[in-house]
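What follows is a single structure, written as structure tokens, with notes after it.
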Amino acid sequence: MQEHYTPKGKHLTIGERRLVERWKKEGKSNREIARLLGKAPQTIHNEIKRGQVRQQTKKGKFELIYSADYAQTSYQTKRQRSVKKLSLTKDLKETICHYNKQKVSPEMMVRAKDIRVSISTIYYWIHNGHLGLSKEDMLYPRKEKTGKRKASPSFKPAGKSIEERPESINDRLENHHYEIDTLVLTREKNSCLLVLTDRRSRHQIIRMIPDKSSQSVNQELVHILKTYPIKSLTADNGREFNRLPEVFSPENIYYAHPYSSWERGTNENHNRLIRRWLPKGTKKTTPKEVAFIENWINNYPKRCLDYKSPNEFLIGG
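In the UniProt record's numbering, the protein residues as written are 1 to 317.
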């Protein structure tokens, strides 16, 4: 009997990629996943091969697993390589430079600000000097590749492993499940930020703390919990988070694998938004400036929210 597949060239959605990730964890074969999604088996084979990342197990060994978030990011990056030849007018140049000063990314210029050129074209103009922007003006200057860090031979999370996190949290089905991280600006006192990001709405909470210590993290988290109804926390295995169970229910804290930042992708991506305003090495900042950045992020449109801001999503989504 002939099987019916989706047309060639039809890419997987992020929802389909999450299903692939879940089914692979359940032990389903590539052919079975292809049948469930109505895709060609070769399509699923290629998708899994492209979306694999190395993950350290509790026994210290490494294994290749499929990550939906990594696969989606890789797919979106490749789509931006097509550049159309368009004339850069004086008005268009001034408009793009204006939004760049407002820390608006090329994607949001096109999707939310109605600039009628492709995203990849704007990137092409930026990196080839057509807009007169210096490296310091760019939101994310290109970096040289550095050597990969090696993980410790054994992995023991400070609490429940991210592998035990419920699918409802993994699939972002409800608000108030946060990823938590710290962002160090300099080694000076009061130059560290505590950052929490809602996995579903991408709502951001940013607070200044004296230093990157578990005591400072817990003291500020106590204040945050008085205002926000946080249901769970996902953290890395840094020492600053090993005392979280003292102020938050241990049953609702999940720890990512070491050197697996993609497991806290929501946090990592939003830290980049903070870096637009506070690049690494920023020596002076104030609570007022941090509050401004928090408000700016919570009102910044997001692709994953259909170009709504986190605040708009919380009101109507």
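Heads up, the beta-carbon is just placed ideally off N, CA and C, and yes, glycines get one too.
Just so you know, these numbers come straight off a predicted model, no measurement behind them.
Same chain only: Cβ atoms within 7 Å of residue i, ignoring 5 sequence neighbours per side
| i | result |
| --- | --- |
| W262 | V53, S67, D69 and Y70 |
| E47 | L12, V20 and A71 |
| N271 | D181, L183 and V195 |
Among the options, nearest to residue i - alpha-carbon criterion
| i | options | result |
| --- | --- | --- |
| L36 | L19, H45 and N46 | L19 |
| W296 | F241, K103, H98 and S74 | K103 |
| Q76 | H130, I33, K93 and I14 | I14 |
| E163 | E294, K308, E26 and E16 | E26 |
| G132 | L173, K101 and D198 | K101 |
| N298 | K226, R202, K78 and H130 | R202 |
| Q215 | N242, T227, K226 and L225 | N242 |
| K231 | K90, I169, V184 and P106 | I169 |
| M108 | Y228, Q56 and Y307 | Y307 |
| L185 | K284, S309, P41 and N269 | K284 |
| K61 | F248, P258 and I253 | P258 |
| P166 | I33, N252 and L273 | N252 |
Chain-order list of residues whose beta-carbon lies under 6 Å from that of residue i (same chain, five-residue window excluded)
| i | result |
| --- | --- |
| L305 | F313 |
| L196 | Y178, I180 and I205 |
| R200 | R172 and N175 |
| K302 | R202 |
| R207 | L194 and E220 |
| T282 | L185 |
| G316 | none |
| R31 | P41 |
Straight-line gap, residue i to residue j (C-alpha atoms, nearest Å)
| i | j | result |
| --- | --- | --- |
| P153 | K59 | Only weak support exists for where P153 lies, its pLDDT of 44 falling under 50; the value from the coordinates is given anyway. So the two alpha carbons sit approximately 8 Å from each other. |
| A256 | I126 | 36 Å |
| A235 | S87 | 46 Å |
| K84 | K113 | Residue placement at K84 cannot be trusted, given a pLDDT of 47 that sits under 50; the coordinates are not used to answer. |
| I209 | T43 | 48 Å |
| V217 | E246 | 11 Å |
| W23 | E94 | 49 Å |
| N311 | K49 | 37 Å |
| K160 | R17 | 25 Å |
| R275 | P250 | 31 Å |
| V290 | W277 | 9 Å |
| S120 | D91 | 19 Å |
| Q55 | T89 | 48 Å |
| S309 | I96 | 21 Å |
| E188 | E268 | 23 Å |
| L244 | G51 | 32 Å |
| Y300 | K78 | 24 Å |
| Q2 | H45 | Caution applies to Q2, whose pLDDT of 43 falls short of 50 and renders its modelled position unreliable; the value that the coordinates give is listed next. Rounded to the nearest angstrom, the two C-alpha atoms are 20 Å apart. |
| D198 | T266 | 8 Å |
| P229 | R264 | 20 Å |
| L273 | I33 | 36 Å |
| K280 | T286 | 15 Å |
| S29 | L233 | 32 Å |
| K288 | H130 | 35 Å |
| E63 | H98 | 46 Å |
| I65 | Y254 | 19 Å |
| H223 | S134 | 40 Å |
| T227 | F292 | 18 Å |
The ligand NAD heavy atom lying under 7 Å from the CB of residue i
| i | result |
| --- | --- |
| S214 | With respect to the ligand NAD, the structure shown offers nothing to examine, as it has no ligands at all. |
Residues bridged to residue i (per DSSP)
| i | result |
| --- | --- |
| Y255 | S161 and A235 |
| K302 | K308 |
Beta-carbon contacts of residue i that lie in its chain and below 8 Å, excluding the five residues immediately before and after
| i | result |
| --- | --- |
| T182 | C192, L193, L194, V195, I209, K212, V217, G238 and E240 |
| E294 | Q204, I205 and I206 |
| I122 | I96, P106, M109, V110 and I115 |
| residue 329 | Residue 329 is absent from the model: the chain starts at 1 and stops at 317. |
| L248 | Here residue 248 is Phe; the residue named in the question, Leu, does not match the sequence. Excluding residues within five positions, the ones whose Cβ falls inside 8 Å are L221, L225, I230 and L233. |
| S260 | V53, Q55 and Q56 |
| In chain order, which beta strand (DSSP E) runs of at least 3 residues are fully inside the region 168-253? | Entirely contained in the region 168-253, the beta strand (DSSP E) runs reaching 3 residues are, in chain order, 177-184, 192-198, 204-209 and 232-235.
| field | In chain order, each alpha helix (DSSP H) run of at least 4 residues that lies wholly inside the region 46-93 | value | 68-79
| message | What ranges does the alpha helix (DSSP H) occupy inside the region 22-47, keeping only unbroken runs of at least 4 residues that lie completely in it? | response | 30-37
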